[in-house]
Amino acid sequence: MTSVIDQDQEKILKIRGLRVHFYTFEGVVKALDGITFDVFKGESLGLVGETGCGKSVTVRSIMRLIEEPGKIVEGEIDYHGKDILTMKDKEVRRIRGKKIAMIFQDPMTFLNPVLRVGDQVSEVFLLHQEIPEAKRSDGKIDKKKLKGLLRTKVTDIFKIVRLPDVEELYDRYPHELSGGMRQRVMIAMAIASNPDIMIADEATTALDVTIQAQILDLLNDLKDELRTTLIFVTHNLGIIANMCDRVIVLYGGQIVEVAETVELFQKSIHPYTRGLLKAIPLIHRPKRELDAISGVVPNLVTPPEGCRFHPRCYMAAENPEIKERLCVKERPDPYEYFPGHFVACHVRRLERVDEDAGLKPETVYEKIETQ
Amino acid sequence: MKYKEYVVKRLILLIPVMFGVSLLSFVLSNAVGDPIASYVGQSDDKISEERMAQLRHQLGLDQPWYVQYSRYLGRLLQGDLGESASYNPPLPVLEVIVIRFPATAELSVFSLIIAILVGIPLGIISAIKKDKVPDHMSRIAALSGVSMPIFWLGLMLQVVLFNVNNVLDNSAIGFQFPYHERWTRNDYPQPTSILFGMVPASGFMLLDSILFLPADFPILDSVNTSFLMFIDVLLHLFPPAFCLSWLQMALFTRMTRMSMLETMRQDYILLAKSKGLTERIIIYRHALRNAIIPTLTVAGLSLAGLLTGTVLTETVFSWPGLGRWAVNAVANLDLAAIQGFVLVAAILYVLSNLGVDLLYGFIDPRIRYD
């Protein structure tokens with residue numbers, strides 16, 4: 103097993119005990135319940151999970167974009183030695199869009215309908231970049247020159263994201279572009295200030311498959327060219343397999359498994375991850391009913407005690423003694439199952455302990471049945 | 230040129246609207262009362278039956294309604310709206326409208342401007358400071374605007390501004406017009422302006438007073454006179470305009486607040502935030518243009534409503550505008566006046582809606598005319 107991630111590699115983002123609550127009429131939604139992970143410089147990290155598991159909330163917390171009625175109750179997000187969550191608004195604004203940029207899900211609704219797309223992209227330059235060429239000798243800014251310079255910069259960036267007819271495109275409004283083009287405009291906005299971290303929040307979900315492939319290619323190329331760190335949020339495991347070095351699997355606002363992508367696909371440990379992988383329809387497999395994880399996503403106003411997955415967990419069901427003793431009562435802590443491969447599961451941890459003691463149960467390490 | 234075509238198309242559509250309106254107003258007003266009444270007036274008991282019949286025949290009122298209507302339409306096409314019988318001697322309706330419309334227009338436009346200038350910023354502030362002190366203050370201001378009857382507010386304003394404190398009456402501005410007597414077109418001093426020569430009075434007092442510049446004085450005095458007149462006009466215009474604008478302002482405030490809050494929840498605002506823009510830029514550059522459209526719709530309707538329906542305010546402030554005349558016309562069963570007024574009102578509504586529709590296109594690029 104070749105490790106993609108060198109453990110000594112620089113950690114660009116350290117997230118510790120992140121807890122986000124939404125205060126709604128039905129009660130407090132505990133959307134994130136103590137999330138802890140690191141992001142390494144230059145890697146591409148996938149966040150995967152079902153709808154409502156907290157993927158988007160996690161990445162929005164990183165940019166402190168949690169809106170009312172949501173609130174970051176607890177936690178720490180360390181970026182270059184500073185905690186983003188306790189920064190002043192002004193400092194956060196200097197990070198947003200400049201150091202950490204986000205590509206959002208739906209290109210239809212995330213572009214402002216009344217502003218020209220070129221102007222929307224040029225805002226990033228205007229905000230985050232010094233443009234010394236636009237200054238006149240007396241130190242004042244030559245507005246006309248600035249406009250021209252911004253235009254060139256924007257059209258250059260348009261070319262990088264492979265948009266056609268860039269000159270003409272600058273003056274277009276979002277509704278005049280196709281979905282794929284709009285997504286490219288959003289990507290242009292994100293890469294405009296050459297950020298350290300690029301977050302793609304379901305960046306391809308709203309697009310059809312061929313456009314998805316194009317956008318993913320583009321993101322992959324850009325990541326290599328710009329050497330940015332990419333955090334990729336999706337519920338599509340196929341995209342994870344293509345794009346990411348490392349994967350974090352979320353369930354009900356908690357991390358259940360962290361592993362390098364190849365390892366995750368080959369030897370997933372957590373029962374939830376296994377369920378997810380099994381649910382992928384494979385084209386070369388004989389047709390049969392899709393495997394689904396039984397049960398439904400937990401209501402996060404009153405999440406299950408202990409491990410949030412236990413009501414749906416087949417492993418807990420197979421080990422009623424452990425379930426009674428631990429799963430329903432204690433929250434499982436991530437356990438380093440293999441080097442760099444963390445799993446939060448009582449049953450798996452106990453098995454591993456048994457194995458270390460020399461009693462090797464056959465269930466510990468198995469490939470997913472190669473279908 | 231799509232824009233031009235669109236305007237022309239809309240103006241052509243005005244014709245069927247006018248036709249319908251004229252038919253409706255003709256039928257309805259003839260259904261309410263006997264049209265002969267306004268001609269015989271108070272003396273109807275002294276007029277013999279034969280004389281009445283003769284009058285009816287003379288005026289063509291014994292013809293079937295469609296003949297009467299087609300005659301009316303024929304006169305209408307020649308620009309003859311009939312005579313307003315509530316004047317003594319009767320005045321042509323068209324002339325009455327030409328005299329009275331500027332007074333109403335000046336009042337409504339001025340009050341609309343006040344309402345927009347106050348209402349929209351107030352709405353933005355209360356959206357930004359939602360559920361905080363400024364929001365509550367603006368809610369109170371808006372609610373009192375909506376719930377205060379205009380006739381009461383108008384009377385109170387008069388009492389406070391002109392009777393109790395004599396604030397404005399004695400402000401020693403040279404020209405002291407009695408408050409109730411706004412000049413009518415006839416006794417308006419012909420403005421022999423130094424600059425412009427003989428300027429016909431437009432009836433818009435703010436404009437006329439600026440252009441007045443009497444020629445017989447040294448230039449400084451002349452300018453001074455003109456300026457003082459302007460101030461005076463402003464002082465007389467403000468109370469009724471304020472009265473009218475408060476209600477409109479309340480509407481604009483609430484409307485702007487609501488649509489601003491709605492807009493601030495949109496995805497593109499989140500994107501703007503993620504770019505690191507300041508709250509100020511997000512609000513004024515990204516949110517306001519999207520949020521202003523519903524307010525604009527209301528403002529357009531308000532303008533039409535104000536131009537045709539400032540009845541209460543005009544009555545309370547004895548404003549020589551269209552509204553008061555229309556009420557008198559209804560009271561006197563002055564059919565020609567009623568029909569003329571309804572036609573004008575319809576035209577104003579259609580035109581101000583067209584104006585709003587055209588404004589949409591400037592604000593929202595998604596709206597195109599084809």
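Just so you know, the sequences run in chain order U and D.
In short: position in the first sequence from 1, add 102, done, that's the working numbering.
In short: position in the second sequence from 1, add 229, done, that's the working numbering.
C-beta atoms are modelled at their ideal positions from N, C-alpha and C, and glycine is treated no differently.
Please list the partners that residue 211 of chain U has in chain D, where partner means a Cβ-to-Cβ separation under 8 Å.
If you number the first sequence from 1, residue 211 of chain U lands on position 109. Residues of chain D passing the Cβ test: 495, 496, 497.
Tell me where the alpha helix (DSSP H) around residue 286 of chain D begins and ends.
Taking the first residue of the second sequence as position 1, residue 286 of chain D is located at position 57. It spans 278 to 288 - the alpha helix (DSSP H) in which residue 286 of chain D sits, taken as one unbroken run.
For a minimum of 3 consecutive residues, which ranges assigned as the beta strand (DSSP E) are wholly contained in the segment 126 to 174 of chain U?
Runs of the beta strand (DSSP E) inside the segment 126 to 174 of chain U: 129 to 142, 146 to 150.
Residue 591 of chain D: buried (16+ other C-beta within 10 angstroms of its C-beta) or exposed?
Residue numbering aside, residue 591 of chain D sits at position 362 when the second sequence is read from its first letter. Classification of residue 591 of chain D: exposed, given that the 10 Å Cβ count is below 16.
Buried or exposed, going by whether 16 or more other CB atoms sit within 10 Å of the CB of residue 231 of chain D?
If you number the second sequence from 1, residue 231 of chain D lands on position 2. Exposed: under 16 other Cβ atoms inside 10 Å.
Could you give the DSSP three-state label for residue 212 of chain U: helix, strand or coil?
One-based indexing of the first sequence puts residue 212 of chain U at position 110. Correct three-state label for residue 212 of chain U: coil.
Could you tell me whether any Cβ in chain U is nearer than 7 Å to the Cβ of residue 365 of chain D?
Numbered from its first residue, the second sequence carries residue 365 of chain D at position 136. No, its Cβ sits nowhere closer than 7 Å to a Cβ of chain U.
Note down, in chain order, every chain U residue with its Cβ under 8 Å from the Cβ of residue 507 of chain D.
Taking the second sequence and counting its residues from 1, the one referred to as residue 507 of chain D is at position 278. Under the 8 Å cutoff, chain U gives 195.
Could you confirm whether any beta carbon from chain D is found closer than 7 Å to the beta carbon of residue 277 of chain U?
Here residue 277 of chain U refers to the residue found at position 175 when the first sequence is read from its first residue. Yes, residue 277 of chain U counts as interfacial toward chain D.
Which residues, in chain order, does the segment 576 to 592 of chain D contribute to contact with chain U at a C-beta distance below 8 Å?
592
For residue 503 of chain D, go through chain U and note every residue whose CB falls closer than 8 Å to its CB, in chain order.
Translated into the one-based positions of the second sequence, residue 503 of chain D becomes position 274. Near residue 503 of chain D (Cβ distances below 8 Å), the residues of chain U are 165, 167, 198, 199, 203, 204, 206.
Would you call residue 293 of chain D buried or exposed, if buried means 16 or more other Cβ atoms sit within 10 Å of its Cβ?
The count along the second sequence starts at 1 and reaches residue 293 of chain D at position 64. Exposed is the call here.
Contact with chain D by residue 122 of chain U, beta-carbon distance below 7 Å:
Taking the first residue of the first sequence as position 1, residue 122 of chain U is located at position 20. Chain D contact via Cβ: absent.
Could you have a look at residue 404 of chain U and say whether DSSP puts it in helix, strand or coil?
Here residue 404 of chain U refers to the residue found at position 302 of the first sequence. Residue 404 of chain U: coil per DSSP, three-state reduction.
Between residue 346 of chain U and the rest of its own chain, which residues show a CB-CB distance below 7 Å, the 5 nearest in sequence each way excluded?
Looking up residue 346 of chain U in the first sequence gives position 244. Around residue 346 of chain U: 146, 147, 148, 334, 363.
For residue 377 of chain D, three-class secondary structure by DSSP
Indexing the second sequence from 1 puts residue 377 of chain D at position 148. Residue 377 of chain D falls in the coil class under three-state DSSP.
Could you name the residues of chain D that residue 134 of chain U contacts, counting a contact when the two beta carbons are closer than 9 Å?
Here residue 134 of chain U corresponds to residue number 32 of the first sequence, with the count starting at 1. Those within 9 Å of residue 134 of chain U in chain D number zero; the least Cβ separation is about 18 Å.
Counting C-beta neighbours from all protein chains within 10 Å, is the total for residue 295 of chain D 16 or more, i.e. buried, or is it exposed?
Indexing the second sequence from 1 puts residue 295 of chain D at position 66. By the 10 Å Cβ count, residue 295 of chain D comes out exposed.
Alpha carbon to alpha carbon, how far is residue 600 of chain D from residue 331 of chain D?
With chain D covering 230 to 599 only, the question about residue 600 of chain D has no answer from this structure.
Quick check on DSSP: helix, strand or coil for residue 314 of chain U?
Along the first sequence, read from residue 1 onward, the residue named residue 314 of chain U stands at position 212. Helix at residue 314 of chain U.
Give me the Cα-Cα distance between residue 308 of chain D and residue 338 of chain D, rounded to the nearest whole angstrom.
As a position in the second sequence, residue 308 of chain D is number 79, starting the count at 1. As a position in the second sequence, residue 338 of chain D is number 109, starting the count at 1. So the two alpha carbons sit approximately 26 Å from each other.
Starting from residue 245 of chain D, find everything on chain U with Cβ-Cβ shorter than 7 Å and list it in chain order.
As a working note, residue 245 of chain D is residue 16 in the second sequence. Result: empty, since nearest Cβ-Cβ is about 32 Å, beyond 7 Å.
DSSP-derived helix/strand/coil call for residue 403 of chain D
As a first step, residue 403 of chain D must be located in the second sequence, where it is residue number 174. Reliability fails at residue 403 of chain D, whose pLDDT of 36 lies under 50, so the model's placement of it is uncertain and no value is given.
Tell me, please, whether the CB atom of residue 465 of chain D is closer than 7 Å to any CB atom in chain U?
Taking the second sequence and counting its residues from 1, the one referred to as residue 465 of chain D is at position 236. Taking Cβ atoms only, chain U never reaches closer than 7 Å to residue 465 of chain D, which makes this a no.
In chain order, what residues of the same chain have a beta carbon less than 8 Å from the beta carbon of residue 140 of chain U, not counting five sequence neighbours either side?
Within the first sequence, residue 140 of chain U is the residue found at index 38, counting from 1. If we look at residue 140 of chain U and ignore the five residues flanking it on each side, its Cβ neighbours are 113, 115, 116, 117.
Label residue 549 of chain D either buried or exposed according to how many other C-beta atoms from any shown protein chain fall within 10 Å of its C-beta, with 16 as the threshold for buried.
Here residue 549 of chain D refers to the residue found at position 320 when the second sequence is read from its first residue. Classification for residue 549 of chain D: buried.
How close, in whole Å, do the beta carbons of residue 250 of chain U and residue 229 of chain U come, if the pair is a contact with beta carbons under 8 Å?
The count along the first sequence starts at 1 and reaches residue 250 of chain U at position 148. The count along the first sequence starts at 1 and reaches residue 229 of chain U at position 127. That belief does not hold up - the Cβ atoms of residue 250 of chain U and residue 229 of chain U are roughly 18 Å apart, past 8 Å.
State the DSSP-derived secondary structure class of residue 443 of chain U, mapped to helix, strand or coil.
Taking the first residue of the first sequence as position 1, residue 443 of chain U is located at position 341. Strand at residue 443 of chain U.
Listed by chain order, chain D residues near residue 423 of chain U by CB distance under 9 Å
Along the first sequence, read from residue 1 onward, the residue named residue 423 of chain U stands at position 321. Per Cβ cutoff of 9 Å: no residues; residue 423 of chain U is ~48 Å from chain D at best.
Going by beta carbon distance, what residues of the same chain come within less than 6 Å of residue 532 of chain D, once the five residues before and after it are set aside?
Mapped onto the second sequence, residue 532 of chain D falls at position 303. For residue 532 of chain D, where only same-chain residues beyond five positions count, the Cβ hits under 6 Å are 341, 581.
Closer than 7 Å to chain U by CB, residue 519 of chain D:
The residue given as residue 519 of chain D occupies position 290 in the second sequence. With 7 Å as the cut-off, residue 519 of chain D counts as an interface residue toward chain U.
Reduced DSSP category for residue 186 of chain U - H, G, I as helix; E, B as strand; rest coil:
What you label residue 186 of chain U is simply residue 84 of the first sequence in a count that begins at 1. DSSP places residue 186 of chain U within a helical segment (H, G or I) once states are collapsed to three.
Can you tell me whether DSSP reads residue 442 of chain D as helix, strand or coil?
As a working note, residue 442 of chain D is residue 213 in the second sequence. Coil, per DSSP.
C-alpha distance - residue 241 of chain D paired with residue 594 of chain D, whole-angstrom precision
Your numbering for residue 241 of chain D matches position 12 in the second sequence. Your numbering for residue 594 of chain D matches position 365 in the second sequence. Residue 241 of chain D and residue 594 of chain D: Cα-Cα distance of roughly 25 Å.
DSSP three-state assignment for residue 113 of chain U, whether helix, strand or coil
Against the first sequence, residue 113 of chain U aligns to sequence position 11. Residue 113 of chain U: strand per DSSP, three-state reduction.
Within the segment 354 to 419 of chain U, note down every full alpha helix (DSSP H) run reaching 4 residues or more, in order along the chain.
363 to 368, 373 to 380
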